[in-house]
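Following: one structure in structure tokens, then a few remarks.
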């Protein structure tokens, strides 16, 4: 890793004096609407990528960052068209090239790692087949490595290299023989710690990925003389087959048991594994430039960190430059040497990462720095605490009165006691424990966050607290009563006071219902008020979530993700609940929108004394909203403490891993 | 997979029993007395009528008649028609003709439907897309018999390109026109299905990924767009085989083909329970088996589908 870093840094320094790899100048991109209007998606944008460099384009959705990247690849969707400016790769103009010419460049010169691993692999082809396509499309020689021009120039300078035969890969058929020969030679040379060395070899000598000269180098390092080492390497490394190369590429991308995995279909892979397969595809033909379009935004933070670390090591060792598209400034600053900030189709700021982060010039960049969840360090202060409320004193008195009331009714509004939930797995005898003996309680008027990776059981807990799922054992109590005993009117009452807000604002609103009908529905179900009073109430609710009255007659597909999530919150608030269970309520949103929604939730809590059970995988969000944190792993509760304690003195290794995985967590900020 | 297949085959039993019972009841409930109709204009001889009734078990209660039919059907004895021909012989003559017709219609709709659909989907918004769309809409909205008669008049009578009717032992050219009429509506649906599948698959993310790999647009189209688009089309085609055989009734009447449709029509007119029920049972079996084959095929085409 450190070795690679120095290589990359050296590369950047060395190459920055030479010609740029990609040069985008005054780029304009337009889309044509159905009515024939031209919409400018990108205007007058310029940025440059040098060989081996990571450059990040940062901006919110719709800022034109993906559009810029796709116009480099010549893969603009629909009616998109480059209307001005120039894109130069290796000094060669790309604007105006035909699709045929682009086909020659794609894959070999520029690769893509796309955003959503779920939709970017064809479900009907095996993973290996889809990697193979990338190799055959560019007539890649699968038996030997193709070095990028940067990597070539580096190795020429540093190591005396290399007949092209030295770039041949190990094949899976020869691997056993090679290991045996290496062992024999090392034994003959009486090398110390033989077992450990052999173990290292069998780990690093991956068929279809490790080359002859690297094998020889390893053997020399292990203590053999040059001639013997090269002799063994020449005899036993004579080039790999297509299947070897496919599994070699997949294991380079960090996929374990790659040769078996290559025969599987995408649906048998997790999101992280698919993303690794996509990285393998993007790098298969050894492009000089890799365009990574939000490559990890659909993944858990811990997976995200692993994959980006891996991508970094891989591109550094191959000398590949990366154009990294992201909406998270923290992530960009941590990964890239250079940041380009885009806003409304324009580049508003660009410069070295730390420079941009610590001395943002443009107001939008400043906002972005403020909003970056990974960079925020404190719980949001509610509107009331900010002193914006006029009747502060009155409210305070009221709060007191409420406080006394609360004392009478007990401190904990929801208590979860030894909750366990088992599921039956297909073709398996033993039950799978999704939630294993979890206990915690939510204090009235506060926020408790449950944090964990996907599969940790946090959503299962939420479903049991909502009584959408029966626990296998253990109880959930609301206001001191076991919710499993609720029936009829009592259950309806419970449903009224405990409201959910779900992750996907696209899925949780009925597309056939108008916004008014969606918000009014709970009122109708609980038979509250008449038509007129309901309209008034919906108006009030929209006002509360800061949306104009005019959205009442509109439909979900006409609103943005953030607006939809506000609607979902308004709907949850319609019945004046005491508790809101938010299951990844902001995970699907852009950072700025996420920030707004979190503030809204916070203000509502302060105004109404709501209690939140906040389920998320993102510790950065937790820091902004929660009072207490419960960390879950594999169905078990591993840590439970106040937010400050968790962030300042995490007790468990798992919590520390989660904290480390927050992008940009260690970066220093200097805001003016 | 084996377990699933067995379960599906066992499920066919109640389906077949249910449908035959329903059809039997419907034929039984038809107005008019079939035996009286056999006498035509002649006065009804009560003793002869009674004899005929007992011969065909028409004097027994409905459910007993049905059970007798079922028992005989299990030994492939489907009884006799009113003209004393074994039902199995009648079906043996009629089915090959209809099968020939259905297969020709199937090939017609599969080839033209898929080809036009792909062209339309790939070139959406171009003029031939519009032409294909309009023609397919016409085929769907105009009833088969109208289209059949129009074609028969022009191609058969006026221009004399193809035989007007098919006759008793029809060959390839005799069936060419009936088959295209029979397959036309399904072809129109296949065009539309293929078109919408192709054009929606074109914008899939994995297609963009494939292009980003450097694949040529031809192989992207073949391997990623068409391969995925064919999944629902093949499903539709499979279920359509049964529909073609059952739906041949109108076409067979127009072109005077002595296939299953015509025989069934005559049987219904005469109120011949065993004949009608036998034919329908075979058709039901064809339907059910086609569905099973399609479901099996589905797993081959789409690896995400697994049977449990």
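Residue numbers (my numbering), protein chains in the order written: chain W, 109 to 780; chain Y, 800 to 1107. A virtual CB, placed ideally from N, CA and C, is assigned to each residue, including glycine.
{"query": "Uninterrupted alpha helix (DSSP H) stretches inside the region 851-887 of chain Y (no shorter than 4 residues)", "result": "861-873"}
{"query": "For residue 597 (chain W): DSSP bridge partner residues", "result": "Beta-bridge pairing links residue 597 (chain W) to no other residue."}
{"query": "Cβ shell of residue 195 (chain W) (< 6 angstroms), same chain only, five flanking positions each side left out", "result": "132, 180, 202 and 203"}
{"query": "C-beta contact flag for residue 900 (chain Y) and residue 981 (chain Y) at 8 angstroms", "result": "yes"}
{"query": "Span of the alpha helix (DSSP H), counted from its first residue to its last, around residue 629 (chain W)", "result": "623-633"}
{"query": "Residue 151 (chain W) - DSSP class collapsed to helix/strand/coil", "result": "strand"}
{"query": "Beta-carbon neighbours of residue 878 (chain Y), restricted to chain W and to distances below 7 angstroms", "result": "In chain order: nothing, as chain W lies at least about 48 angstroms away."}
{"query": "Buried or exposed (CB count within 10 angstroms, at least 16 for buried), residue 446 (chain W)", "result": "buried"}
{"query": "Under 8 angstroms between C-beta atoms of residue 1037 (chain Y) and residue 1047 (chain Y)", "result": "no"}
{"query": "Beta carbon of residue 430 (chain W) nearer than 8 angstroms to that of residue 398 (chain W)", "result": "yes"}
{"query": "Partners in chain Y for residue 214 (chain W), counting only beta-carbon separations shorter than 9 angstroms", "result": "1010, 1011, 1012, 1013 and 1014"}
{"query": "Cβ distance (whole Å) where residue 243 (chain W) is taken to contact residue 393 (chain W) below 8 angstroms", "result": "7 angstroms"}
{"query": "Three-way DSSP call (helix, strand, coil) for residue 1047 (chain Y) in this model", "result": "helix"}
{"query": "Proximity to residue 401 (chain W) [Cα-Cα], best of W:434, W:389, W:386 and W:377", "result": "W:434"}
{"query": "Residues bridged to residue 540 (chain W) (per DSSP)", "result": "W:531"}
{"query": "Range covered by the beta strand (DSSP E) that runs through residue 453 (chain W)", "result": "Element bounds for residue 453 (chain W): n/a, residue is neither H nor E."}
{"query": "Counted within 10 angstroms of its Cβ, other Cβ atoms place residue 432 (chain W) as buried (16 or more) or exposed", "result": "buried"}
{"query": "Inter-residue CB distance, residue 521 (chain W) and residue 550 (chain W) (contact presumed, cutoff 8 angstroms)", "result": "6 angstroms"}
{"query": "Own chain residues within Cβ distance below 6 angstroms of residue 1007 (chain Y), not counting five before or after", "result": "none"}
{"query": "For residue 1057 (chain Y) and residue 1051 (chain Y), the rounded distance between their alpha carbons", "result": "7 angstroms"}
{"query": "C-alpha gap between residue 1096 (chain Y) and residue 669 (chain W), whole angstroms", "result": "39 angstroms"}
{"query": "Neighbour flag for residue 200 (chain W) against chain Y, beta carbons, 8 angstroms", "result": "no"}
{"query": "Continuous alpha helix (DSSP H) stretch holding residue 939 (chain Y): start and end", "result": "926-940"}
{"query": "Reference residue 319 (chain W); option with closest CA among W:360, W:193, W:767 and W:297", "result": "W:360"}
{"query": "Residue 404 (chain W) and residue 766 (chain W) closer than 8 angstroms at C-beta", "result": "no"}
{"query": "Exposed unless 16 or more other CB atoms sit within 10 angstroms - verdict on residue 219 (chain W)", "result": "buried"}
{"query": "8 angstroms Cβ cutoff met for residue 157 (chain W) and residue 166 (chain W)", "result": "no"}
{"query": "Three-state secondary structure assigned by DSSP to residue 517 (chain W)", "result": "Here the model assigns residue 517 (chain W) a pLDDT of 49, short of 50, so the residue's position is not dependable and the matter cannot be decided."}
{"query": "Beta-carbon proximity check, residue 347 (chain W) vs residue 280 (chain W), cutoff 8 angstroms", "result": "no"}
{"query": "Proximal chain W residues relative to residue 1005 (chain Y), where beta-carbon distance stays under 7 angstroms", "result": "227, 228, 229 and 230"}
{"query": "For residue 240 (chain W), the residue or residues it bridges with in DSSP", "result": "Note: residue 240 (chain W) sits in no beta bridge, so no partner."}
{"query": "Cross-strand partners of residue 285 (chain W) (DSSP beta bridge)", "result": "According to DSSP, which records beta bridges pairwise, residue 285 (chain W) is partnered with nothing at all."}
{"query": "Chain W within 8 angstroms of residue 1103 (chain Y), Cβ atoms only", "result": "yes"}
{"query": "Residues of the region 1017-1037 of chain Y with Cβ closer than 8 angstroms to any Cβ of chain B, in chain order", "result": "You won't find chain B in this structure, because its protein chains are W and Y."}
{"query": "Spatial distance of residue 951 (chain Y) from residue 854 (chain Y) (CA atoms)", "result": "43 angstroms"}
{"query": "Selected residue, minimal CA-CA separation from residue 863 (chain Y), among Y:801, Y:1044, Y:820 and Y:907", "result": "Y:820"}
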